[in-house]
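Participant: Quick one: structure below, then a few questions.
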Amino acid sequence: MLIKERLFTPGPVPLPPQVIKALGQQIIHHRTPEFTEIFFDVRKKLQQLLDTERDVIMFASSGTGAMEASVLNFFSRGDKILVINAGKFGQRWKELGETYGLDVIDYQIEWGKTYQKEKVKEIVEKNPDIKGIFVQQSETSTTTYHDVEFLGEISNSLDDCILVVDGITSVGVYQVYPEKSGIDVLVTGSQKALMLPPGLGLLYFSQKAEKRLKTSNLPKYYFDVAKEVKKQREGQTAYTPAISLIIALRESLTLILEEGLPQLEKRHSIMAEATREAVKALGLKLLSESPSNSATGIYSPEGIDGNKLRKRLLELGFRVAGGQDHLKGKILRIAHMGYFDFNDVIQVIAGLEMALIKEGYTVEPATGVKKAQEIILKNI
Ligand SMILES: Cc1ncc(COP(=O)(O)O)c(C=O)c1O
């Protein structure tokens, strides 16, 4: 029987036809006026996306490359930093900090929860010399949203501290405006809500962070922001850029800006709410206490192995993600970021119901679908 595979993983996510078309073109050379024109256009669109006139640097790397760049360009050996470590990617901030000899205060949080404001205040009161606060705005491993505004205020209240935000699954899902939220360094990647294949790492930095470029003493070669800023202001990159991805980014940014950021944020919020409410109507438990609108994490019901459920979903045409580290086999993560609409949500919920029933779970078919429809109808 023909079953079409539908991609519902939290990265990579499906590509819009406009992006696929752009990716299918013959390569052009990058040291040309033609590429420079495209590069400047993409730069301008990235600035519109983040509502800034500052540089947004493009690296040919995955998101982790941009994370690494934000450690080694804005910090110096021995700098004390606070890491909000609430999942796999929070852990990555910690590991990056330690790799480069930073003095990491590791605020570990149970997976599925967000940070406590009081605890953050307590840590900074004891450590006024903190030079950086690191967080994921959307922690994909636990599908959890962390408020960044509060951390921006805390960071600004300290003498010399910058807020570094991993926006890899928040940019393109929420309206992320670093200058309004007190974010000093913001990173994102191409294969999430920017609706591209993997391979582009993006980095914004504030005026406050820019001062650190001159003082940072960590070793850097490829991920040298100062070197890139100079080149990218001229419409070029220091090394060979991900030409095809940059050309395709122009298309996905056009789609995003045409939809408009408020509308885009609303769409994601409705898709996420419909997914969460449908899942609850099915009697399943959500993983996160502070759910992100990029993806929804769900515990597999008692007695049903998460990996088996996922395999069953795949047989029915839905590729969703499982859990990472200690959540392996326990959860499912269903994405709704980027090129998704309400109909995708209804489809995947219908698929989840069928997979659950096939695995022996007792539920009336269309229970979740009905709930999802109710939420969608209420909001559109
Ligand atoms: C929140 C977050 N941070 C970092 C990463 C790592 O990005 P990459 O795999 O592109 O290096 C991911 C990827 O899933 C992510 O979701």
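Residue 44 is where the sequence shown starts when you use my numbering, and the numbers rise one by one after that. Think of the CB as a built atom: it goes at the ideal place given N, C-alpha and C, for glycine as much as any other residue.
With a threshold of 16 other CB atoms inside 10 Å of the CB of Glu316, please say whether the residue is buried or exposed.
Facilitator: Taking the first residue of the sequence shown as position 1, residue 316 is located at position 273. When all chains shown are included, Glu316 counts as buried.
Participant: Under 6 angstroms Cβ to Cβ from Leu89, same chain only, skipping five residues before and after it: list those, please.
Facilitator: As a working note, residue 89 is residue 46 in the sequence shown. The residues are Val99.
Participant: At 3 residues or longer, and completely inside the segment 364–416: list those beta strand (DSSP E) runs for me, N to C.
Facilitator: With a minimum length of 3 residues, the continuous beta strand (DSSP E) runs that stay inside the segment 364–416 are 374–378.
Participant: For Met238, verify whether its CB is less than 7 angstroms away from any heavy atom of ligand 1.
Facilitator: For the purposes of this step, residue 238 is taken as the residue at position 195 of the sequence shown. No - ligand 1 has no heavy atom lying nearer than 7 angstroms to the Cβ of Met238.
Participant: Is it a yes or a no for the segment 368–376 touching the segment 236–256, going by three-plus beta-carbon pairs under 8 angstroms?
Facilitator: Too few Cβ pairs lie closer than 8 angstroms, so no.
Participant: Can Thr339 be considered in contact with ligand 1, in the sense that its beta carbon sits closer than 7 angstroms to one or more heavy atoms?
Facilitator: Reading the sequence shown from its first residue, position 296 is the one you call residue 339. Every heavy atom of ligand 1 is 7 angstroms or more from the Cβ of Thr339, so no.
Participant: When you measure from the CB of Glu182 to every non-hydrogen atom of ligand 1, does any distance come out below 7 angstroms?
Facilitator: Taking the first residue of the sequence shown as position 1, residue 182 is located at position 139. Checking every heavy atom of ligand 1 against the Cβ of Glu182, one is found closer than 7 angstroms.
Participant: What residues in its chain sit with their C-beta under 6 angstroms from that of Gly278, if we drop five residues either side in the sequence?
Facilitator: What you label residue 278 is simply residue 235 of the sequence shown in a count that begins at 1. Same-chain partners within the cutoff: Thr79, Phe82, Phe83.
Participant: Does the beta-carbon of Ile377 have 16 or more other beta-carbons within 10 angstroms, so that it is buried, or is it exposed?
Facilitator: Within the sequence shown, numbered from 1, the residue matching residue 377 stands at position 334. Counting Cβ neighbours within 10 Å, Ile377 comes out buried, since at least 16 surround it.
Participant: Is it buried or exposed, Pro334, if we count other Cβ atoms within 10 angstroms and call 16 or more buried?
Facilitator: Numbered from 1 along the sequence shown, position 291 holds the residue referred to as residue 334. It is buried - the Cβ of Pro334 has at least 16 other Cβ atoms within 10 Å.
Participant: Taking the alpha carbon of Gln416 as the reference point, which residue from Ile392, Lys401, Glu402 has its own alpha carbon closest?
Facilitator: The residue given as residue 416 occupies position 373 in the sequence shown. Closest by alpha carbon: Ile392.
Participant: Let me check understanding here. Comparing Cα to Cα, which of Val216, Ser105, Gly133 lies closest to Pro241?
Facilitator: Within the sequence shown, residue 241 is the residue found at index 198, counting from 1. Per the Cα distances, Ser105.
Participant: Does DSSP put Met101 in a helix, a strand or coil?
Facilitator: For the purposes of this step, residue 101 is identified with residue 58 of the sequence shown, where counting begins at 1. In the structure shown, Met101 sits in a strand (DSSP, three-state: E or B).
Participant: Quick one: does the C-beta of Gly366 sit closer than 7 angstroms to a heavy atom of ligand 1?
Facilitator: Counting from one through the sequence shown, the residue named residue 366 turns up at place 323. Result no, Cβ not under 7 angstroms from ligand 1.
Participant: If the criterion is Cβ atoms closer than 8 angstroms, does the pair Gln180 and Gly133 meet it?
Facilitator: Locating residue 180 in the sequence shown gives position 137, where the first residue counts as 1. Locating residue 133 in the sequence shown gives position 90, where the first residue counts as 1. Not in contact: Gln180 and Gly133 (Cβ atoms no closer than 8 angstroms).
Participant: Where does Asp209 land, buried or exposed, given buried means 16+ other C-beta within 10 angstroms?
Facilitator: The residue you call residue 209 lines up with position 166 of the sequence shown. The residue in question, Asp209, is buried, as its Cβ has 16 or more Cβ neighbours within 10 Å.
Participant: Please report the residue range of the alpha helix (DSSP H) in which Ala338 lies.
Facilitator: If you number the sequence shown from 1, residue 338 lands on position 295. Per DSSP, Ala338 belongs to no alpha helix (DSSP H); it is in the beta strand (DSSP E), 338–342.
Participant: Would the beta-carbon of Gln179 be found less than 7 angstroms away from any heavy atom of ligand 1?
Facilitator: The residue labelled residue 179 in the question sits at position 136 within the sequence shown. Gln179: yes, Cβ under 7 angstroms from ligand 1.
Participant: Tell me, to the nearest whole angstrom, how far the beta carbon of Lys401 is from that of Arg355; I am working on the premise that it is less than 8 angstroms.
Facilitator: Here residue 401 corresponds to residue number 358 of the sequence shown, with the count starting at 1. Here residue 355 corresponds to residue number 312 of the sequence shown, with the count starting at 1. With 8 angstroms as the limit, Lys401 and Arg355 qualify as a contact, their Cβ atoms being about 5 angstroms apart.
Participant: In whole angstroms, what is the alpha-carbon distance linking Lys156 and Glu332?
Facilitator: On the sequence shown, position 113 is the one that residue 156 refers to. On the sequence shown, position 289 is the one that residue 332 refers to. Going by the C-alpha atoms only, they are around 5 angstroms apart.
Participant: Can we count Pro171 as close to ligand 1, meaning its CB is less than 7 angstroms from some heavy atom?
Facilitator: What you label residue 171 is simply residue 128 of the sequence shown in a count that begins at 1. No, the Cβ of Pro171 stays beyond 7 angstroms of every heavy atom of ligand 1.
Participant: For the segment 104–172, list the alpha helix (DSSP H) runs that are entirely contained and at least 4 residues long, ordered along the chain.
Facilitator: Taking only runs of at least 4 residues, the alpha helix (DSSP H) segments lying wholly in the segment 104–172 are 106–115, 131–142, 160–169.
Participant: Using a Cβ distance threshold of 8 angstroms, determine whether the segment 145–152 contacts the segment 201–217, with at least three qualifying pairs required.
Facilitator: No, because fewer than three Cβ pairs between the segment 145–152 and the segment 201–217 fall closer than 8 angstroms, the two stretches do not touch.
Participant: Report yes if the C-beta of Phe425 is less than 7 angstroms from at least one heavy atom of ligand 1; otherwise report no.
Facilitator: What the structure shows of the chain is the stretch from 44 to 423, and residue 425 is not part of that stretch, so it cannot be assessed.
Participant: With burial defined as no fewer than 16 other Cβ atoms inside 10 Å of the residue's Cβ, what is the status of Asp384: buried or exposed?
Facilitator: Residue mapping note: residue 384 aligns to position 341 of the sequence shown, counting from 1. Asp384 comes out exposed.
Participant: Using beta-carbon positions only, say whether Val62 and Met380 come within less than 8 angstroms of one another.
Facilitator: On the sequence shown, residue 62 is found 19 positions in, with the first residue counted as 1. On the sequence shown, residue 380 is found 337 positions in, with the first residue counted as 1. Not in contact: Val62 and Met380 (Cβ atoms no closer than 8 angstroms).
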